[in-house]
């Protein structure tokens with residue numbers, strides 16, 4: 013079986029592609045294109061390129077070696093001035109002596125350690141001698157080597173629950189083939205353990221904890237991890253790829269060459285720094301990689317490679333010799349939001365890019381591998397959408413716009429294959445349109461009707477590979493798919509919509525009748541309200557008049573009563589009290605005046621109070637009359653004298 017290559021790396025909008033024919037890197041960012049010339053061209057066939065976490069180093073790996081490429085800085089003067097030109101990049105080999113001396117040594121899987129800094133970036137290399145090597149790419153020195161040969165080691169006090177299970181010798185298929193990092197575990201700040209899940213060729217999974225401050229953690233190999241529930245086929249006899257999705261608990265996706273992917277949650281048995289874990293297989297997804305059935309070659313295993321989606325934690329991609337599948341796990345979304353695993357949130361897959369209609373046989377595999385097998389996959393995040401990039405052997409880049417993973421959850425393509433039932437898919441149960449039309453949420457009902465079990469991927473075929481019979485069969489199957497998965501479902505949806513429309517029209521007619529009836533009742537109620545309002549105003553006015561009359565009558569009745577009221581009695585008491593006080597104060601004043609006169613007479617003997625002339629009113633009026641009469645006589649005499657004087661003159 014041929015290996016799946018990965019010769020493309022994506023950094024935001026920057027693409028880095030390895031050209032195996034020319035032996036250099038092509039860096040593209042928008043319209044700018046650069047050719048990265050390596051100072052030391054790799055002496056091995058490059059099968060995988062990996063971009064470091066700090067985005068400044070690129071690891072090129074193959075079966076016979078690993079090398080590091082120092083990428084140019086984007087802000088350097090040389091990088092800006094040499095547009096669409098050549099840039100020389102420093103290149104150096106990793107473990108050059110080891111791979112040169114050990115002819116049988118092969119690098120099976122290479123990945124960067126997630127814990128990367130500007131001063132320390134660690135490259136992890138898994139070789140076919142069952143050793144996992146940690147190499148500092150900046151200092152160019154080896155940090156640690158982990159021997160994955162599991163021995164019987166009891167470091168736990170519980171003998172019945174041993175963390176490590178002994179393996180006496182490594183037989184065919186019992187070597188490690190790939191690994192992936194799980195979410196970090198914080199023991200005590202700043203001590204952090206990084207769990208490494210290692211996939212064996214038999215499908216077993218080992219667990220190693222890495223810590224550069226304390227390398228002794230990595231000496232304990234935990235596993236093989238127990239997989240539950242138990243299955244008769246032990247979940248396949250071989251495996252080819254493994255990825256760990258970032259969730260709590262972490263989810264492991266294990267792919268087998270037969271086209272089945274197992275999803276399992278890793279649960280910790282005991283809390284502690286080196287805890288054993290148990291894998292609970294939640295579900296399995298069986299990928300349909302053939303667009304045209306080949307009954308003569310019912311089982312022909314071919315490798316698959318799993319890639320994480322940098323835009324979503326609930327989706328990943330599966331690359332195989334026939335194209336690319338995408339797999340979405342709604343259970344992780346419910347696990348993040350509801351903190352529980354719901355059985356109804358089944359995963360689904362979709363065949364999005366097809367490069368070959370039938371799975372090749374082992375005889376023809378070598379002849380057609382370079383023509384149709386993808387050489388790499390990347391996800392590019394643009395301003396308006398997300399684009400999937402697939403690199404073909406002829407250096408052609410296939411671009412396919414993909415929807416966000418959350419938008420695909422309601423559009424399931426393939427049902428989940430239960431572990432307790434047969435893997436043979438049953439025929440699609442046609443939902444009765446009359447029953448669907450009576451449900452509450454009509455939009456979800458239409459989505460359930462239009463839900464498709466199969467889809468037609470984007471085809472990217474090579475003319476040399478396909479004959480007329482395959483093309484005709486493919487067209488016939490495509491037409492059949494459109495008839496069953498589209499036209500038939502659209503007819504069912506149309507019937508449901510028509511029935512719902514008739515129900516809504518009847519409801520609308522009934523509502524119109526009710527509306528006219530309510531309108532008439534509204535007018536009647538309005539008229540009665542106006543009449544009652546006028547009557548209420550008149551009654552209110554009449555009430556005010558009656559209250560005014562009642563007040564006047566009560567006042568008259570009160571004034572006409574011979575007996576004094578309580579207020580009048582109180583006022584009379586107050587007036588009587590004031591009158592007594594005035595009489596008392598008058599007597600006191602007279603007494604004070606008499607005392608004053610007495611004191612004055614005693615002080616001045618000549619002063620006689622009785623000598624004061626006191627005239628009565630009659631006397632005063634008589635005096636006034638006498639004075640006025642005498643005044644008139646004097647005035648008359650003055651007039652006579654004045655007339656005499658005038659006469660004399």
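Residue numbers (this note's numbering): 13 to 661.
Using N, Cα and C, we set each Cβ at its ideal position, and we do this for glycine too.
Since we're looking at a predicted model, the values are computed, not measured.
Expected contact under 8 Å - CB spacing of residue 504 and residue 461 to nearest Å: 5 Å
Start-to-end residues for the beta strand (DSSP E) that takes in residue 62: 58-63
Proximity of residue 384 and residue 316 at Cβ, strictly below 8 Å: no
Simplified DSSP assignment, three categories, for residue 403: strand
Beta-carbon gap between residue 69 and residue 28 smaller than 8 Å: no
Residue 4 - containing beta strand (DSSP E), residue span: Since the first and last residues shown for the chain are 13 and 661, residue 4 lies out of range.
Close beta carbons around residue 341, own chain, < 6 Å, minus the five adjacent residues each side: 326 and 359
Reference residue 319; option with closest CA among 528, 533 and 19: 19
Unbroken alpha helix (DSSP H) run spanning residue 228, endpoints: No alpha helix (DSSP H) holds residue 228; DSSP gives it neither H nor E.
Whole-angstrom C-beta distance between residue 243 and residue 156, which should lie under 8 Å: Residue 156 to residue 243, Cβ: 35 Å. No contact.
Of the residues 455, 331, 453 and 369, the one placed nearest residue 401, counting alpha carbons only: 331
Whole-angstrom C-beta distance between residue 48 and residue 115, which should lie under 8 Å: Rounded, the Cβ-Cβ distance is 30 Å, inconsistent with contact.
Residue 40 - containing alpha helix (DSSP H), residue span: Note, residue 40: premise wrong, no alpha helix (DSSP H); beta strand (DSSP E) at 36-41.
Residue 32 versus residue 389: straight-line alpha-carbon distance, rounded: 16 Å
Per-residue DSSP class, three states only, for residue 641: helix
Buried or exposed (CB count within 10 angstroms, at least 16 for buried), residue 113: exposed
Proximal residues to residue 74 (C-beta, below 6 Å), its chain only, five neighbours per side dropped: 56, 57, 58 and 59
Outcome for residue 64 when other beta-carbon atoms lying within 10 angstroms are tallied against a minimum of 16: buried
With 16 other Cβ atoms within 10 Å as the buried cut-off, status of residue 335: buried
Contacts around residue 403, its chain only, beta-carbon distance under 7 Å, and the 5 residues preceding and following it disregarded: 19, 20, 29, 386, 387, 388 and 409
Proximal residues to residue 729 (C-beta, below 8 Å), its chain only, five neighbours per side dropped: This structure cannot speak to residue 729, because the chain is shown only from 13 to 661.
Best match in 130, 550, 66 and 102 for proximity to residue 79 [C-alpha to C-alpha]: 102
In DSSP terms, what residue 105 is bridged to: 79
Coarse secondary structure for residue 385, derived from DSSP in three states: coil
Cα-Cα separation, residue 405 to residue 212: 29 Å
Residues bridged to residue 390 (per DSSP): 401
Distance between residue 158 and residue 220 (C-alpha atoms, nearest Å): 9 Å
Proximity to residue 262 [Cα-Cα], best of 250, 278, 107 and 148: 278
Neighbour-count burial assignment, residue 436, 16 or more Cβ in a 10 Å radius: Residue confidence for residue 436 is low, a pLDDT of 38 falling below 50, so the modelled location carries little weight; the figure read from the coordinates is stated next. Under this definition residue 436 is an exposed residue.
Span of the beta strand (DSSP E) around residue 277: 272-280
Three-way DSSP call (helix, strand, coil) for residue 224 in this model: coil
Separation of residue 237 from residue 150, as counted between CA atoms: 34 Å
Three-state secondary structure (DSSP) of residue 602: helix
First through last residue of the alpha helix (DSSP H) which encompasses residue 411: Note, residue 411: premise wrong, no alpha helix (DSSP H); beta strand (DSSP E) at 409-414.
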